[in-house]
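The structure under discussion appears below in the form of structure tokens.
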Amino acid sequence: MDSRRTDLALEARELWQEGAGDQGRLEGVASFQGERDGFPCHTVDILNETGAKALGKPVGRYATLTMDGLARRERDAFGRAARAVAGELTALMGSLSPQAPVLVVGLGNRAITPDAVGPQVQAHTLATRHLVAAMPEQFGAFRPVAALAAGVLGTTGMESGELVQAVCRAVRPAWVIAVDALAARSVERLCRTIQLSNAGIVPGSGVGNHRFALDEQTLGVPVAAIGVPTVVYGATLAADLLGHEPQGLGAAGDLLVTPKDIDSQVADLSKVIGYGINLALQPQLSVEDVELLLS
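If you want this note's numbering, it's the position in the sequence shown, counting the first as 1, plus 4.
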């Protein structure tokens, strides 16, 4: 049994291909590579239940942006990265009325850095719903956006899914955008990739702590999921380094490995995602406008 675990559809497809060899043909899955604002983008479309069963992911589109240029601090890397996230998110959400309300949900625990992507993204999100209602002359051109850091069961006593359900009933959004930390197979992809999907998300699934799913079936509205891999399992890392399934790892197999500079990397990527969401939801704004409005 393959012990290598990943939340990235791109990596799940790679693992399937490695297991099948040259003889296998992956039914119900299509993939293609492209580029968005100078960043490589690999898209995996899971078309039906056959593909979903093969990869262990729900039916939907999964776009993975590789952000190596951001890590290298290339010229205008931050602005291009934010626009790349905005472009992929806009493509996933399709045609959406400029006044359709959207709820942005940051999932995870802000006290644990590898799990703090969601709460930090929420802090970089322009919440405009109250402004559009109270000051229509100044903010009438803005989309109504509500932002929520849902917290975790251990600190709130509530499932994040239950909380999001309740907020959805009050806000009545046209879309929910949920942001969470993920687990990867490859250390090279830790804090180097951003996955965007229209298939929803299960909070905690990256660390084997499956909670209440956030998807169209549970919330009644479409859900766009954005995630950054911040950890890799010890067993997954050992299998990739050794080239075969390791034996006798015991508790070490469940250890979670994360980069030593995880604080700065989570901060950088959370800002990129937050700004990307703002640009997608408020297309009249530039990166500089968002910076000014959030300062």
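Built from N, CA and C at the ideal position, the CB exists for glycine as well.
- Separation of Ala-271 and Thr-10 (C-alpha to C-alpha, rounded to the nearest whole angstrom) is 22 Å.
- Residues Val-121, Gln-124, Val-125, His-128 of the same chain have their beta carbon placed closer than 7 Å to that of Ser-274, with the five preceding and five following residues left out of the count.
- Between the C-alpha atoms of Thr-160 and Val-235 there is a straight-line separation of about 24 Å.
- As the crow flies, the alpha-carbon of Phe-143 is around 20 Å from that of Trp-179.
- For Gln-288, the three-state secondary structure derived from DSSP is coil.
- With fewer than 16 neighbouring CB atoms inside 10 Å of its own CB, Gln-288 falls in the exposed class.
- Runs of the alpha helix (DSSP H) spanning 4 or more residues and lying entirely within the segment 79 to 146 occur at 81 to 97, 121 to 127, 133 to 138, 140 to 143, in chain order.
- Going by DSSP, Glu-220 is part of the alpha helix (DSSP H) stretching over 220 to 223.
- For Glu-39, the enclosing beta strand (DSSP E) starts and ends at 33 to 40.
- One alpha carbon belongs to Ser-190, the other to Val-294, and they sit about 33 Å apart.
- Distance between Asn-113 and Ala-185, taken at the CA atoms: about 10 Å.
- For Arg-77, there is no enclosing alpha helix (DSSP H), since its DSSP letter is neither H nor E.
- Under the three-state reduction of DSSP output, Gln-21 falls in the helix class.
- For Leu-245, the enclosing alpha helix (DSSP H) covers residues 238 to 246.
- For Leu-186, the enclosing beta strand (DSSP E) covers residues 179 to 188.
- Put simply, the backbone Cα of Gly-204 is about 29 Å away from that of Ala-243.
- Taking Pro-62 as the centre and dropping the five residues before and after it, the same chain places the C-beta of Ile-50, Ala-56, Ala-203, Gly-204, Asp-219 closer than 8 Å to its C-beta, in chain order.
- The count of Cβ pairs closer than 8 Å, one atom from the segment 99 to 112 and one from the segment 68 to 75, stays below three, leaving the stretches out of contact.
- Linking Leu-30 to Leu-107 through their CA atoms gives a straight-line distance of about 35 Å.
- The Cβ neighbour count for Gly-247, taken over all protein chains shown within 10 Å, is under 16; the residue is labelled exposed.
- Check the Cα spacing between Thr-262 and each of Val-276, Gly-280, Thr-240: the tightest is with Thr-240.
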